[in-house]
Amino acid sequence: MSRPAKISYLRILRRGLARRCPQCGVGRIFGRWMHVRDRCEHCGLVFEPLEGNSWWFMYYTTGLLTGLFIIAMLLIRPTNMLLGRIVVFVAAIVAIVLTLPIRKGLGLAIDYLSELKSGHRDDIRPQ
Ligand SMILES: [Zn+2]
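Take a look at the structure:
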């Protein structure tokens with residue numbers, strides 16, 4: 628097996644954040660909102676050969692965001708409690724739900740880096 632071409636890890640992570648294929652940077656990861664395509668439309672990379680490879684990242688980042696909101700609720704004492712709760716609820720929805728595709732793309736890029744380092748997959752050819 629030939630060694631894969633050198634590619635910056637930061638570039639791979641940026642591709643994931645942009646919801647693009649971590650291998651080629653051209654194909655889109657998602658077909659619809661949070662629906663991960665089976666493979667890249669450009670280079671053919673299988674995004675999730677084992678379903679759930681990036682779940683750990685989703686759990687940790689959701690837990691981190693939730694923890695930040697809990698800390699903020701403990702430190703910030705609004706004068707109007709109802710308004711404060713509404714603001715926290717809306718901010719939590721925006722931070723947790725609307726960032727799902729971005730976090731999923733980053734999780735898939737991290738999984739790709741892991742697969743790249745392990746060298747166990749033949750279809751990984753960084754471009
Ligand atoms: Zn691709």
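In terms of my numbering, the sequence shown is residues 628 to 754.
Ideal placement from N, C-alpha and C gives every residue a C-beta, glycine not left out.
The model shown is predicted, which means the values in this text are computed figures rather than measured ones.
By a C-beta neighbour count over all protein chains shown, 10 Å radius and 16 as the cutoff for buried, is residue i buried or exposed?
{"i": "residue 716", "result": "exposed"}
{"i": "residue 654", "result": "buried"}
{"i": "residue 699", "result": "exposed"}
{"i": "residue 637", "result": "exposed"}
{"i": "residue 734", "result": "buried"}
{"i": "residue 720", "result": "exposed"}
{"i": "residue 705", "result": "exposed"}
Between the Cα of residue i and the Cα atoms of the options, which residue gives the shortest distance?
{"i": "residue 675", "options": "669, 668, 684, 664", "result": "664"}
{"i": "residue 686", "options": "651, 747, 731, 753", "result": "731"}
{"i": "residue 726", "options": "643, 713, 668, 666", "result": "643"}
{"i": "residue 740", "options": "680, 720, 660", "result": "680"}
{"i": "residue 693", "options": "723, 746, 635", "result": "723"}
{"i": "residue 662", "options": "704, 721, 728, 701", "result": "728"}
{"i": "residue 751", "options": "684, 660, 666", "result": "666"}
Might you give, ordered along the chain, the residues of its own chain that have their beta carbon closer than 8 angstroms to the beta carbon of residue i, omitting 5 neighbours on each side?
{"i": "residue 647", "result": "653, 654, 655, 656, 732"}
{"i": "residue 718", "result": "696"}
Rounded to whole angstroms, how far is the Cβ of residue i from the Cβ of residue j, which I believe are closer than 8 angstroms?
{"i": "residue 672", "j": "residue 650", "result": "4 angstroms"}
Please list, in chain order, all residues of the same chain as residue i whose beta carbon is under 7 angstroms from its beta carbon, the five residues on each side excluded.
{"i": "residue 635", "result": "none"}
{"i": "residue 736", "result": "639, 640, 642, 643, 649"}
{"i": "residue 738", "result": "680, 681"}
So, does the CB of residue i fall closer than 8 angstroms to a CB anywhere in chain D?
{"i": "residue 741", "result": "Looking at the structure shown, chain D is missing, and only one protein chain is on hand."}
Using the beta carbon as the reference atom, which residues fall closer than 6 angstroms to any heavy atom of ligand 1, ordered along the chain? 648, 650, 651, 653, 654, 667, 669, 670, 672
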